[in-house]
Amino acid sequence: MRLKVLDNGHRPLQKVPLGIIRLIVGQVPPPILVMSYRREHFGKYMAPCFHQAMRGSTEWSSFETELFAAFVSNLNRCVY
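Numbering-wise (our numbering), the sequence shown opens with residue 261 and increments by one.
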């Protein structure tokens with residue numbers, strides 16, 4: 261189930277970066293929409309946890325992580 265408020269319920273200052281992402285990528289990834297909507301309740305606290313989980317201690321560089329994620333997304337035929 262997808263909440264319609266995530267498509268148009270953001271504040272004006274939040275819509276600017278989301279619009280830029282839409283122009284560059286074609287769509288905003290759903291996790292970004294969720295974390296930016298009512299950031300004070302969810303995104304502000306979860307962003308550091310997600311960052312640590314995605315970028316925490318690893319032997320891979322940031323570039324290698326991004327390349328791997330893009331490759332897997334392509335295999336799964338989903339937008340990265």
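All C-beta atoms, glycine included, are put in the ideal place defined by N, C-alpha and C.
- In the three-state scheme derived from DSSP, where H, G and I count as helix and E and B as strand, N334 is classed as helix.
- Proximity of the region 301–319 to the region 270–287 falls short of the contact definition, fewer than three beta-carbon pairs being nearer than 8 Å.
- Around T325, the same chain offers M314, R315 and T318 as residues with beta carbons nearer than 8 Å, after the five sequence neighbours per side are excluded.
- Inside the region 297–324, DSSP marks whole alpha helix (DSSP H) runs of 4 or more residues at positions 303–315, from first to last along the chain.
- Collapsing the DSSP output to three states places P289 in coil.
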